[in-house]
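Down below is the structure, laid out as structure tokens.
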Amino acid sequence: MLEVTGLTAWYGQAQALHGVDVRVNAGEVVSLAGRNGAGKTTLVRCLIGLHQQAGGTVRLHGRDITGLPAHRRARAGMGWVQDDRGIYASLTVEENLLLPPTVSDRAWALEQVYQAFPVLAERRKAPGTTLSGGEQQMLAIARVLRTGARLLLMDEPSEGLAPVIVARIGAIIRDVKATGAGVLLIEQNVKFAATVADRHYLLSQGRIVETLDNDEFRRREGDLLKHLGI
Amino acid sequence: MSAVLQYAVQGLAAGSFYALAALGLAVIFGVLGVVNFAHGAFYMLGAVATAVLLDTLDLPLWWSLLVVPVLMFGFGVVVERLLVQWLLRLDPLYNLLLTFGLTLVLVELVKQRYGVSGLPYRLPGGLRGRVDLAGVVLPRYQLFVLLFSVAVCVLVWLVMTRTRIGMIVRAATEKPELARALGINVGRWVTPVFGFGVALAGLAGVLAAPFRAITAEMGNNFAIILFAVVVIGGLGSIVGAVVAGFLVGLVEAFGQAYAPTFAQILIFVLMALVILIRPAGLFGRQEATA
């Protein structure tokens, strides 16, 4: 589904990514962990098309999307759930949902979204940022699901949320996976990542230093926490 | 009491020009991130075009209200395609300087062609004279300007809040990168939005033509007050631009009536107070908290 090969990128004068290879298959949740400054943000922004990559290719559904502008990547099926949730204050909850154009025939109808997330239905006319943090996170996820995006790029979805809400987000991610969509999860919360992801990449100084399956990931949790400096 | 009402209507009519022009400035700033310094010059061109159309083609004000904004939209599109777009990727300061330079060029060109003394403009018969509203006598044209501007502002507000285009403009104003990442081709809206903002400045100029001395320099002072309006309302806030426009018109009218020497200063005192109390302006969004 998503195939990234040899991605290099610069952040100002410094090289932020040195040939990163990442793969996400359909119906797979893959996590990407790394310390602050490891290059996670630059990688995500390159994939979305908001940061210019210097080399390498990005393929989505077998289609080369390297060099495409951000809005065309979104239309090709890339759904971004931003780390600060990216909810518009000047748009109502419903407008936040309706803003992005639908990108595939798997797009959800608004009613379907409201059935899955009743709290959004209740607050549909309220400005987006009047929702609580957890509700905003659900809105951000619902917004990309509604478009029918086949690959979700989720940046720190558990950050700053209460454990109950994090568990709910985890359940949503497993539901998304069950529909056959792919999820690339950028996540510092190793315990949370282990509950949802099938595979894990470890990014360090702009390179993928390890690829682990979930069992191995769980076994080495303490080790990884130390590496991540948490 | 009657005098107070007269000043109020006069102030709101003058404020209409600020409100319309500031509205244009706000949408341009919102979507392009450009502080359009040439807005005063576009206002001036609207007024000059109105006078010239009457003089050469005998085109009455009613038609100018329609034709001039369309012409100014086209002019705005040309300016954006020819000049502004090349600097959009750079620091916003470059477009500020560009539009400042454009102002000087436009003002000088109009001076060369039409001289420095004002162009005459006669109101159409239907808008001359005064109306008596329950004992308060008001100039008919001021009432017309006020009602017309309020109608335009309401129309723009409806477009902004009820249509998909309005939704996209709001999203692109608030978080342009995210809008792109969500599949919105923000670039496609840049040129029409710039043209639309210029058309609003031109429309303010049309309305001002019978009301103000039409000279090449008429936009200069207007632009300075316009920036005070935008700061008071909150940069990029559409509602703020309109409310502050009318507010500044009122302050100016009452200032001229009761303290003529301080009329202009009062506007900037108001601006200073707003900055002190609410740095982002009356309707500006304070830096979002997480």
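So the sequence lines, in the order shown, correspond to chains A and B. If you count the first sequence from 1, position 163 lands on 163 in the UniProt record's numbering, and the numbers rise without skipping. If you count the second sequence from 1, position 137 lands on 137 in the UniProt record's numbering, and the numbers rise without skipping. Each residue gets a CB set at the ideal place from its N, CA and C atoms; glycine is no exception.
Touching by the beta-carbon criterion (3+ pairs, under 8 Å), the region 233-243 of chain B and the region 217-225 of chain B: no
Beta carbon proximity, A/PRO69 to chain B, threshold 9 Å: yes
Per-residue contacts from A/TRP80 into chain B (C-beta, under 9 Å): LEU178, ALA181, LEU182
Nearest-angstrom Cα separation, counted from B/MET271 out to B/GLY281: 9 Å
Beta-carbon separation (whole angstroms), B/LEU61 vs B/LEU200, contact threshold 8 Å: With a Cβ gap of about 17 Å, B/LEU61 and B/LEU200 do not count as contacting.
Alpha-carbon spacing of A/ILE165 relative to B/ILE28, whole angstroms: 40 Å
B/ALA280: contacting residues in chain A (beta-carbon distance under 8 Å): Going along chain A, no residue has its Cβ under 8 Å from B/ALA280, so there is no contact; the nearest lies around 13 Å.
Inter-stretch contact (C-beta, 8 Å, three-pair minimum) for the region 181-192 of chain B and the region 98-106 of chain A: yes
Closest residue to A/GLY67 among A/LEU47, A/VAL81, A/MET78 (Cα-Cα distance): A/LEU47
Contacts that B/ASN185 makes with chain A (C-beta to C-beta distance below 7 Å): HIS71
Given B/PRO120 as reference, the closest of B/GLY245, B/ALA49, B/GLN6 once Cα atoms are compared: B/ALA49
Span of the alpha helix (DSSP H) around A/GLU122: 118-122
Terminal residues of the alpha helix (DSSP H) in which B/VAL274 lies: 263-277
Close-in-space but distant-in-sequence residues of the same chain around B/SER237 (CB under 7 Å, 5 per side omitted): ALA26, GLY281, PHE283, GLY284
3-residue-minimum beta strand (DSSP E) runs that sit fully inside the region 135-207 of chain B, ordered along the chain: 136-139
Residues bridged to B/ARG130 (per DSSP): B/PRO139
Cβ-Cβ separation, A/ALA9 to A/HIS51 (assumed contact under 8 Å), whole Å: 6 Å
DSSP three-state assignment for A/MET1, whether helix, strand or coil: coil
Limits of the alpha helix (DSSP H) - the one that B/LEU66 falls within: 61-79
Through-space distance from A/GLY77 to A/ALA107, alpha-carbon basis: 10 Å
Host alpha helix (DSSP H) of B/ALA41 (start-end): 39-57
9 Å Cβ cutoff met for A/GLY79 and A/THR179: no
Contact set between B/ARG285 and chain A, taken where Cβ atoms lie within less than 9 Å: ALA89, SER90
Segment limits, beta strand (DSSP E) that includes A/THR147: A/THR147 -> not in any beta strand (DSSP E); alpha helix (DSSP H) instead, spanning 133-147.
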